[in-house]
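Positions 2 to 221 (the working numbering) are the ones given, in order, by the sequence shown.
For glycine and all other residues, C-beta sits at the position ideal for the given N, C-alpha and C.
This one's a predicted model, so the numbers in the text were calculated from it and none came from an experiment.
Step one of this worksheet: look at the structure below.
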Amino acid sequence: MRLLLVEDDAMIGASVQSGLRQEGYSVDWVRDGAAAELALAGGVHEMILLDLGLPKKSGLELLAGLRRRGLALPVLVITARDAVADRVKGLDAGADDYLVKPFDLDELSARIRALLRRQAGRASPLIENGALTLNPATHEVLLHGAPVNLSAREFALLHALLEQPGVPLSRTQLEDRLYGWEEEIESNTVEVYIHSLRRKLGAEWIRNVRGVGYLVPQQS
Ligand code: CA
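Quick look at the structure:
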């Protein structure tokens with residue numbers, strides 16, 4: 002799960018980035034509105050965490066521009082402005098939720114999960130596919146009811162594939178989901194994680210679509 006954090010406050014930015022990375026998210030951090038627009042042009046992020054008071058282009062301007070262009074990415078506004086008028090403006094400009102600073106990291110990550118769930122059209126916090134259940138909140142994976150121990154990257158990879166069972170994701174798409182800009186990608190890492198997921202779950206759970214990528218077969 003790859004997120005874009007737009008925050009000019011160095012301390013808040015660093016703590017949000019490291020806190021969410023520990024939860025297994027890949028977090029790219031930019032410090033002004035113009036850099037955020039550039040980053041979003043890459044199309045690799047699944048959610049934006051957006052501060053409102055930003056240099057170069059305000060969060061509200063940025064948000065309004067994204068929605069005008071029809072970008073449906075979930076946006077969670079994190080703001081020091083707790084005036085009701087500002088919150089209303091943010092929501093009217095197309096924010097999906099907001100948090101007022103200072104906030105607790107646990108609350109931030111719970112709101113992120115709720116937004117991603119809504120985005121995926123799921124009411125249940127669990128992702129289920131046949132005998133396989135993944136809990137994004139606890140990072141637990143159960144196969145036939147028994148827990149499967151996965152590393153943070155293995156979990157992220159399985160999470161990406163389970164969001165759209167039956168739909169293949171290419172190696173590049175999976176790398177985009179797993180890594181932020183500052184992280185080195187070794188050329189065969191996706192294959193390595195796929196290999197170990199197959200070993201832990203059973204090879205039938207992850208199919209290689211030749212020349213296209215990988216998928217988790219849809220189960221009823
Ligand atoms: Ca700010």
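query	result
Straight-line CA distance for ASN209 to ALA15?	37 Å
From VAL85 to ASP52, what distance separates their C-alpha atoms?	16 Å
Exposed or buried, ARG200, counting other C-beta atoms within 10 Å across all chains shown (16 or more means buried)?	exposed
Identify, in the order they occur along the chain, each residue of the same chain with its Cβ nearer than 6 Å to the Cβ of LYS57, setting aside the five sequence neighbours on each side.	ASP33, GLY34 and ALA35
For the stretch 144 to 163 and the stretch 189 to 205, state whether three or more C-beta atom pairs, one from each stretch, are separated by less than 8 Å.	yes
State the start and end residues of the unbroken beta strand (DSSP E) segment that holds ASP177.	Where ASP177 is concerned, there is no enclosing beta strand (DSSP E), although the alpha helix (DSSP H) it sits in stretches over 172 to 179.
Quick check on GLU47: does DSSP put it in helix, strand or coil?	coil
Express the C-alpha separation of LEU100 and VAL213 in angstroms, rounding to a whole number.	39 Å
Verify whether the separation of the beta carbon atoms of PRO226 and GLN219 is less than 7 Å.	Summary: the structure shown does not reach residue 226, with the chain confined to residues 2 through 221, and so no result is reported for it.
May I ask which residues mark the beginning and end of the alpha helix (DSSP H) holding GLU108?	106 to 120
If you run the structure through DSSP and keep just helix, strand and coil, what is ILE1?	Nothing about residue 1 can be read from this structure; the chain reaches only from 2 to 221.
Kindly indicate which three-state DSSP category GLY214 falls into: helix, strand or coil?	strand
Return the bridge partner residues of VAL28 from the DSSP annotation.	LEU4
Quick check on the DSSP output: what are the complete alpha helix (DSSP H) runs of length 4 or more inside the stretch 49 to 87, in order along the chain?	60 to 69
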